[in-house]
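Undergrad: Here our numbering is used: position 25 in the sequence shown is 30, and no number is missing along the way.
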Amino acid sequence: MQYGMTPRLVWHILERDLRAELTRRYGQEDASAIMKNAQIRFREIVGGIEDPRQGRRYFWSLLQAGLLASVYIAARAQDPDVAPTPEECAGLFADVCARSSACLKIAAKLRDDFSIQGQRDIQRSALLTQMRCADYGWRYIYTTGSDRDYMVTYRSCGILRLYHELGVPELMRAACRMPDVWTELAGIKLERTMCLADGDPCCDFSLTLEDAPVPEKGDEGTEDAGDNT
């Protein structure tokens, strides 16, 4: 994959708040060095993976995971004694997403999945993954629900493959927090009892639409972000 428009957009959306969070944790000098190295690492990671060809949402997830890995690897190279743990990386990204108006706009679109058309699209996509699944794709099964709930069971995960290839499988503890962050921002309840990263046979996502209003505005964003769901 080339470092094209969408990877650049992902970096642009999250870079400012990531830098601010790293500065708060480690100081301006270390944060600047980490982000400079992270951008180089991100370009390298993007160049080594392929679009999973499963829609913009999964493409976004893979790129976000690549960005998370780039910051984690860059921080360890900067100073392994003070580098954030996977759990701290998860918290850092959760804070960044919650502050970004672009991320809030993307999250709000997840509520569309509960519409009749939204669930038809998920069902069709799930069936296609049973016939073909790219190297960095997800293979999953959709279970019919109501207009308030449904279930998706993942049998393979593109991020899990990526992190094993990058030599950072421990970072899956942070990546597995991403769905929780996004659904919480969207006002959706997510429950699961199994996780591929823990050696289970699947990740079973049970999603329920909540009545809680979705926040309308964060601190930072871009008008183009909604095109990447």
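For glycine and all other residues, C-beta sits at the position ideal for the given N, C-alpha and C.
The structure displayed is predicted, hence computed values, not measured ones.
Can you name, in chain order, every residue of its own chain whose Cβ lies under 7 Å from the Cβ of Arg182, other than the five neighbours on each side?
TA: So the list reads Ala95 and Ala99, once near-sequence residues are dropped.
Undergrad: Look up Lys110 in the DSSP assignment and give the residues it is bridged to.
TA: The partner list for Lys110 (beta bridge, DSSP) is empty, contrary to what the question assumes.
Undergrad: On the premise that Ala139 lies in contact with Arg58, defined as a C-beta separation below 8 Å, what is that separation, rounded to the nearest angstrom?
TA: Right, the Cβ-Cβ distance comes to about 5 Å (below 8 Å), so this counts as a contact.
Undergrad: Beta-carbon separation of Tyr147 and Gln122 under 8 Å?
TA: No, they are not a contact pair.
Undergrad: Can you name, in chain order, every residue of its own chain whose Cβ lies under 8 Å from the Cβ of Thr134, other than the five neighbours on each side?
TA: Once the five neighbours on either side are set aside, the close Cβ partners of Thr134 are Gln59, Gly142, Trp143, Arg144 and Tyr145.
Undergrad: Do Cys235 and Arg178 have their CB atoms nearer than 8 Å?
TA: Limits of the chain in this structure are 6 at one end and 234 at the other, which puts residue 235 out of reach.
Undergrad: DSSP three-state label for Asp209, please.
TA: If DSSP states are grouped into helix, strand and coil, Asp209 belongs with the strands.
Undergrad: Which value, in whole angstroms, describes the spacing of the CA atoms of Gly163 and Arg62?
TA: Roughly 12 Å between the two C-alpha positions.
Undergrad: With the cut-off set at 8 Å, would you say Val15 and Leu73 are in Cβ contact?
TA: Against a cut-off of 8 Å, the Cβ pair of Leu73 and Val15 comes out as no contact.
Undergrad: What does DSSP give as the partner residues of Asp154 in its beta bridges?
TA: Answer by DSSP bridge pairing, in chain order: Thr213.
Undergrad: Check for me: the alpha helix (DSSP H) holding Leu195 runs from which residue to which?
TA: Segment Ile193 to Glu196 is the beta strand (DSSP E) holding Leu195; no alpha helix (DSSP H) there.
Undergrad: According to DSSP, is Ser120 helix, strand or coil?
TA: Looking at Ser120 - three-state DSSP - the assignment turns out to be coil, as it is neither helix nor strand.
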